[in-house]
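Student:
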Amino acid sequence: METWGMFFLASLVGVVFLYLVGFLILKGFKFSNLFALAAAPIVSTLCFEILAIVFDKLNHAASWAVFFVPSLLLGAVVCGIGVLYGRRQGQTQKNAVAASELKNSSRFDLKMVVLYVGLALFVGLFVFVKALDGPACFNETYDNLTHLGLVQSFLESGHYSALAASVYQDLGEVGSYYPAAWHLITAMVAGATGTSNLVATNAMNYVCCCVVYPLSCLCLMRQIFSRRNRIVIAGAFAAIGFVSFPWFFTVYGVLESNLFGFIMVPVMLAAIMQLFGSEVSRADRARYLSISFVSALFCVFAQPNAFFAVMLFAVPYLVWRIWDSTGQKSKRPCSTKVRAGFVALFMLVVFVVWAICYKAPFLYAVTHFIWPPATNPSQAFINTLLFSNSWAPVSLVVAVLVGVGLYAMWRERKYGWLATALVITAAIYWVSICLEGTIDQFLSGFWYSDWRRTAALQAMIAVPVAALGIAHLYGLIARHAKLNLFSNIGLALLLTVLLFMPNSLLRGIIQVQTPFGYFDEMMYQYYSMNQGDDEVIFSESERKFVTQVKEIVGDKVVYNLPYDGSFFAYQSDGLHTIYRLPYTGPGQNADQQILQSSLYKYSSNKDVQQAVDNLGAEYVLTLDYGHIPHHKNSPDPYAKSWPDYLPENWTGITRITEDTPGFELVLSEGDMRLYKIVEPS
Numbered sequence: 015m016e017t018w019g020m021f022f023l024a025s026l027v028g029v030v031f032l033y034l035v036g037f038l039i040l041k042g043f044k045f046s047n048l049f050a051l052a053a054a055p056i057v058s059t060l061c062f063e064i065l066a067i068v069f070d071k072l073n074h075a076a077s078w079a080v081f082f083v084p085s086l087l088l089g090a091v092v093c094g095i096g097v098l099y100g101r102r103q104g105q106t107q108k109n110a111v112a113a114s115e116l117k118n119s120s121r122f123d124l125k126m127v128v129l130y131v132g133l134a135l136f137v138g139l140f141v142f143v144k145a146l147d148g149p150a151c152f153n154e155t156y157d158n159l160t161h162l163g164l165v166q167s168f169l170e171s172g173h174y175s176a177l178a179a180s181v182y183q184d185l186g187e188v189g190s191y192y193p194a195a196w197h198l199i200t201a202m203v204a205g206a207t208g209t210s211n212l213v214a215t216n217a218m219n220y221v222c223c224c225v226v227y228p229l230s231c232l233c234l235m236r237q238i239f240s241r242r243n244r245i246v247i248a249g250a251f252a253a254i255g256f257v258s259f260p261w262f263f264t265v266y267g268v269l270e271s272n273l274f275g276f277i278m279v280p281v282m283l284a285a286i287m288q289l290f291g292s293e294v295s296r297a298d299r300a301r302y303l304s305i306s307f308v309s310a311l312f313c314v315f316a317q318p319n320a321f322f323a324v325m326l327f328a329v330p331y332l333v334w335r336i337w338d339s340t341g342q343k344s345k346r347p348c349s350t351k352v353r354a355g356f357v358a359l360f361m362l363v364v365f366v367v368w369a370i371c372y373k374a375p376f377l378y379a380v381t382h383f384i385w386p387p388a389t390n391p392s393q394a395f396i397n398t399l400l401f402s403n404s405w406a407p408v409s410l411v412v413a414v415l416v417g418v419g420l421y422a423m424w425r426e427r428k429y430g431w432l433a434t435a436l437v438i439t440a441a442i443y444w445v446s447i448c449l450e451g452t453i454d455q456f457l458s459g460f461w462y463s464d465w466r467r468t469a470a471l472q473a474m475i476a477v478p479v480a481a482l483g484i485a486h487l488y489g490l491i492a493r494h495a496k497l498n499l500f501s502n503i504g505l506a507l508l509l510t511v512l513l514f515m516p517n518s519l520l521r522g523i524i525q526v527q528t529p530f531g532y533f534d535e536m537m538y539q540y541y542s543m544n545q546g547d548d549e550v551i552f553s554e555s556e557r558k559f560v561t562q563v564k565e566i567v568g569d570k571v572v573y574n575l576p577y578d579g580s581f582f583a584y585q586s587d588g589l590h591t592i593y594r595l596p597y598t599g600p601g602q603n604a605d606q607q608i609l610q611s612s613l614y615k616y617s618s619n620k621d622v623q624q625a626v627d628n629l630g631a632e633y634v635l636t637l638d639y640g641h642i643p644h645h646k647n648s649p650d651p652y653a654k655s656w657p658d659y660l661p662e663n664w665t666g667i668t669r670i671t672e673d674t675p676g677f678e679l680v681l682s683e684g685d686m687r688l689y690k691i692v693e694p695s
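First residue of the sequence shown: 15, per our numbering; consecutive thereafter.
What follows is the structure in C-alpha cells.
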C-alpha cells in the first residue's frame, strides 16, 4: 500500500539526487553558493545520464546506486580539489568570484532560498498535492503513457539511457533517442525508495514545481535585480503565480520532459547574462561559458526546446548589451549608426541560425508539427493580454501586476530588454493559438506550435516583470502608510490569497472563477481514480482487475487491445502487455498484424500459432468485452472517440469468447476478461 509518507520520502530523495552532486561539483569550480544550488540539477542530471549511457553501451544493467554513488564521489573530489587549490593560491571565495553578480552566499540569499522554496512547497500542498487522489494516482492522458512507461521500463530493465529509450525493452525492442532525463531521475527515486513509478512521478512533479523552478527563478531574479532586494522578495510570489507554468504542465499532456527542461530555463538565462555581462573577469567568463555549454548538453537529454527558450529570452538581452557596450559611456563609444549596424548584424545572424534550425532534418518533425488554431485572433489577443492562455479564467491580478511592472520598466528603461522579451513571447503565443501555416511554424515550431508550451514561455519571462510590479505597488503603499512587520505579513497574505484564490460562490449573486480554482478542478478531473468506464480510459474497476491479472500471470506476456485502457496496465502494474501505446507495439511487425485480425483462429491456423510463439504471448486481456472502447466523458479529448481505433482491425481479439477453441477463461468480472492461450492438441 502506497502511503503519503512514501510520497514525501520520494520527494526528499528526489531533492538529494538533483542537488547534492551538482552543488559539490559547481562549488569545486568556485561558483557562488546561490548559483551552485540553482544550477545543481543540470550538473547532477548530466552525470547520471552519462553513466546511464555508458552502462547501456556496455550492455550492463544498472541501478540508482550505480549512478549516484560514483557521481557523489566525483563531486566530493572536485569540491575538495577546488577548496585545496583555492587555499594554495591564497584565494578566498570572495576573491575568486569578485566580478560575479551571483557571488554572495549572504544571509539574504539564504533567506530567499527559504522564502522561495518554503512558499512554493506550502502553496504546492494545496494546489497540487491536495488534489491528488492518493500518492499513486496518475493522469490518464496520452503523453503519460510514454512517461510512465519509460520509468517502469528503466526500473525493470536497468537500462536508463536516453539514447536507447523504449517502453518495450522487456520485449526485446532496441530503443532510440528520447529526452528522458526526467524519467531517469524519477526511476532512480523509485528504485532508491522502493516506491512505485506512480508515486515517484507525483513526487518528482512536486519537487520540480516547488523546489527546482523557484530556485531557478531566484537565481535569475538575483541576476537581474542584484541590489534591489524588494523585487527579489516579490519574485517568490511571482514565480509560482502563473497557472500556465509550471502548474498546467502537470495536467496537460502530461509534459514532464518539457517541465523538466523549462524549469531550468531561468538559471540558464542567468548564466548567459553573467557570461556577457559588464565588468566580468576572464575566470568568471570561462566558468559561465563552461556551464552554458553544459546547460546546452543538459537540454539535449531533458528537452531540446528548452535550449531555444533560453535563446529566445537571451536575444533581447544580448541586443541591449551590444547597444549599451558601444554607447557614449562605454570604453569604446561608437556612433548611433555604427551601434545600429552592430545590432542589425547580430539580428541577421540570429535570423539565419533560426532559419537553419527550423529547416534542420533532425528538428523537422518538431518544427513542422501542425496544431490547428484553438481560437480566433481577437480572442487570442484578449487571452494573451489577461493571461488566460491555458483556458483558465482571466488572471486579472497577474495581468495588473505585469502591467504595473511594464510601466515601471518604461520609467527605468534599463530593463527594456525584458519587456521586449515579454512582448516577443506574447506574440509567439498569439500566433500559435490563432494561426496555422508557415508563419506559425517558423515562430513557434520549436515548441511543436503548441500554444500551451508557448503560454509557458510567456509565463516564465513574465515572472521578473510581475515581481517588479509587486515591488512597485508595495512602494506606493509604503509612501502613504507606515508599514511594520505585521502589516508586511498582512500584505503578503493578501497577495497570496489574490493569486491563489479558489473558485467562490456568492449564492444568488455571482460565481467567481479563478485561474487556480480552474486548475484545482482540472487536477481533480484528471487525477481522480474513482471514476467509471465511460468517464476515464482506465477506470478504478479496470485497474483492480489488472492488479488481479498481474498476480495470476506474473511476468508472462499478455496480448491486449490497447484502446480499452489496457495500455496503462504496464505503466500502472508492470503487466507485460504487447501494446502499451494507442497504435503501436514493438515495431508493429508482421506477427502483430496477423494477430490483430486472426488471433481467434489460434487453434486451427498455423500462421497464428507461429505468431503467438514469436511474440511469446501466453494470455489475452480485454477490458471492454462486448462493446467499443469509447470514453465519452473522458477529460482527454483524444479518448472520447479514439480516431486511431478501427474495430475491423482488431477482430482477432474482439471475437474471442469463453467458447473460442484455444482460449481458457481464467478471470472474469463485468466486461473484463483474462484468457489463457491453450496449446492446440
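Built from N, CA and C at the ideal position, the CB exists for glycine as well.
#1: Closer than 8 Å, CB to CB, is THR468 near chain B or not?
#2: What are the start and end residues of the alpha helix (DSSP H) that includes GLN545?
#3: By alpha-carbon positions, which one of ARG466, ALA480, LEU38 ends up nearest to PHE263?
#4: Ordered along the chain, which non-local residues of its own chain (more than five positions away) have a Cβ less than 8 Å from that of TYR538?
#5: Between the Cα of THR17 and the Cα atoms of PRO694, VAL128, CYS151, which residue gives the shortest distance?
#6: Over what stretch of residues does the alpha helix (DSSP H) that includes LYS496 continue unbroken?
#7: Pull up the DSSP beta-bridge partners for VAL572, would you.
#8: Where SER518 and THR528 are concerned, what is the direct C-alpha to C-alpha distance, given to the nearest angstrom?
#9: Can you tell me whether DSSP reads GLU672 as helix, strand or coil?
#10: Going by the DSSP bridge assignment, what does VAL526 pair with across the sheet?
#11: Going by DSSP, name the residue or residues bridged to MET686.
#12: Can you give me the C-alpha to C-alpha distance between LYS373 and THR381, rounded to a whole angstrom?
#13: Taking the alpha-carbon of ASN403 as reference, which of CYS448, GLU565, LEU326 has the nearest alpha-carbon?
#14: Within its chain, find whatever has a CB closer than 7 Å to the CB of VAL281; leave out the 5 residues flanking it on each side and keep chain order.
#15: For the alpha helix (DSSP H) holding LEU269, just list the boundary residues, first then last.
#16: Just to confirm my understanding: we take TYR488, look at its own chain, exclude 5 residues before and 5 after, and list those with CB closer than 8 Å. What are they?
#17: In whole angstroms, what separates the C-alpha of LEU159 from that of LEU359?
#18: Excluding five sequence neighbours on each side, which residues of the same chain lie with their C-beta closer than 7 Å to the C-beta of HIS173?
#19: Output the distance between the C-alpha atoms of ASN397 and ALA441, rounded to the nearest integer angstrom.
#20: Measuring CB to CB, does TYR227 end up less than 8 Å from ILE277?
#21: Tell me SER190's beta-bridge partners as DSSP assigns them.
#22: Rounded to the nearest angstrom, what separates PHE383 and PHE251 at their Cα positions?
#23: Out of curiosity, what's the CA-to-CA distance linking LEU512 and GLY531?
#24: Quick check on the burial criterion: 16 or more other C-beta atoms within 10 angstroms. Buried or exposed for ALA300?
#25: Classify GLU115 as buried or exposed, calling it buried when 16 or more other Cβ atoms lie within 10 Å of its own Cβ.
#26: Output needed for THR209: all residues of its chain with C-beta closer than 7 Å, excluding positions within five of it in sequence on either side, in chain order.
#27: Since PHE677 sits in a beta bridge, which residues does DSSP pair it with?
#28: Can you tell me whether MET278 is helix, strand or coil according to DSSP?
#29: Give me, in chain order, the residues of the same chain whose beta-carbon lies closer than 6 Å to that of ALA206; leave out the 5 immediate sequence neighbours on both sides.
Tutor: Well, looking at it:
#1: Of the chains in the structure shown, none is chain B; there is only one protein chain.
#2: Within the sequence shown, residue 545 is the residue found at index 531, counting from 1. That residue, GLN545, is in no alpha helix (DSSP H); it is neither H nor E in DSSP.
#3: Indexing the sequence shown from 1 puts residue 263 at position 249. Closest by alpha carbon: ARG466.
#4: On the sequence shown, position 524 is the one that residue 538 refers to. For TYR538, where only same-chain residues beyond five positions count, the Cβ hits under 8 Å are ALA145, ASP147.
#5: Here residue 17 is taken as the residue at index 3 of the sequence shown, counted from 1. Among PRO694, VAL128, CYS151, the Cα nearest to that of THR17 is on CYS151.
#6: Residue 496 sits at position 482 when you count from the first residue of the sequence shown. Where LYS496 is concerned, there is no enclosing alpha helix (DSSP H), given that its DSSP letter is neither H nor E.
#7: For the purposes of this step, residue 572 is identified with residue 558 of the sequence shown, where counting begins at 1. When beta bridges are read from the DSSP output, VAL572 appears opposite THR591, TYR633.
#8: Mapped onto the sequence shown, residue 518 falls at position 504. Mapped onto the sequence shown, residue 528 falls at position 514. Answer to the nearest angstrom: the Cα atoms are 8 Å apart.
#9: As a first step, residue 672 must be located in the sequence shown, where it is residue number 658. Looking at GLU672 - three-state DSSP - the assignment turns out to be coil, as it is neither helix nor strand.
#10: If you number the sequence shown from 1, residue 526 lands on position 512. BP columns for VAL526 point to SER518.
#11: Position 672 of the sequence shown, counting from 1, holds the residue named residue 686. Residue pairing by DSSP puts MET686 in a beta bridge opposite GLU683.
#12: Counting from one through the sequence shown, the residue named residue 373 turns up at place 359. Counting from one through the sequence shown, the residue named residue 381 turns up at place 367. The straight-line gap from Cα to Cα measures roughly 8 Å.
#13: Working through the sequence shown from its first residue, we reach residue 403 at position 389. That would be CYS448, whose Cα lies nearest to the Cα of ASN403.
#14: In the sequence shown, residue 281 corresponds to position 267, counting from 1. Within the same chain, Cβ atoms closer than 7 Å to the Cβ of VAL281 are found at ALA52, ALA53, SER230, CYS233, LEU234, the five residues on either side in sequence being excluded.
#15: For this step, residue 269 is matched to residue 255 along the sequence shown. Note, LEU269: premise wrong, no alpha helix (DSSP H); not H, not E.
#16: Here residue 488 refers to the residue found at position 474 when the sequence shown is read from its first residue. ARG244, ALA248, LEU505, listed in sequence order.
#17: Residue 159 sits at position 145 when you count from the first residue of the sequence shown. Residue 359 sits at position 345 when you count from the first residue of the sequence shown. For LEU159 and LEU359, the distance between alpha carbons rounds to 45 Å.
#18: By 1-based counting over the sequence shown, the position of residue 173 is 159. For HIS173, the CB contacts under 7 Å within the same chain, skipping 5 residues up- and downstream, are ASP70, ALA75, GLN183 in chain order.
#19: The residue you call residue 397 lines up with position 383 of the sequence shown. The residue you call residue 441 lines up with position 427 of the sequence shown. Roughly 12 Å between the two C-alpha positions.
#20: Taking the sequence shown and counting its residues from 1, one reaches residue 227 at position 213. Taking the sequence shown and counting its residues from 1, one reaches residue 277 at position 263. Yes; because the gap between Cβ atoms is below 8 Å, this pair is in contact.
#21: Taking the sequence shown and counting its residues from 1, the one referred to as residue 190 is at position 176. Paired residue(s): ALA179.
#22: Position 369 of the sequence shown, counted from the first residue, corresponds to residue 383. Position 237 of the sequence shown, counted from the first residue, corresponds to residue 251. Cα-Cα distance, rounded: 35 Å.
#23: By 1-based counting over the sequence shown, the position of residue 512 is 498. By 1-based counting over the sequence shown, the position of residue 531 is 517. Cα atoms of LEU512 and GLY531: separation of roughly 12 Å, rounded to the nearest angstrom.
#24: Position 286 of the sequence shown, counted from the first residue, corresponds to residue 300. So ALA300 ends up on the exposed side.
#25: Residue numbering aside, residue 115 sits at position 101 when the sequence shown is read from its first letter. Bear in mind that the predicted position of GLU115 carries a pLDDT of just 44, short of 50, making it too unreliable to give a figure here.
#26: Locating residue 209 in the sequence shown gives position 195, where the first residue counts as 1. Its chain contains GLU16, MET20, ALA24 as the residues whose beta carbon lies nearer than 7 Å to that of THR209, once the 5 sequence neighbours on both sides are disregarded; these appear in chain order.
#27: Walking along the sequence shown from the start, residue 677 turns up at place 663. In DSSP, PHE677 forms a bridge with ILE691.
#28: Locating residue 278 in the sequence shown gives position 264, where the first residue counts as 1. If DSSP states are grouped into helix, strand and coil, MET278 belongs with coil.
#29: Position 192 of the sequence shown holds residue 206. Closer than 6 Å at the Cβ level, and outside the excluded window around ALA206, lie VAL27, TRP78.
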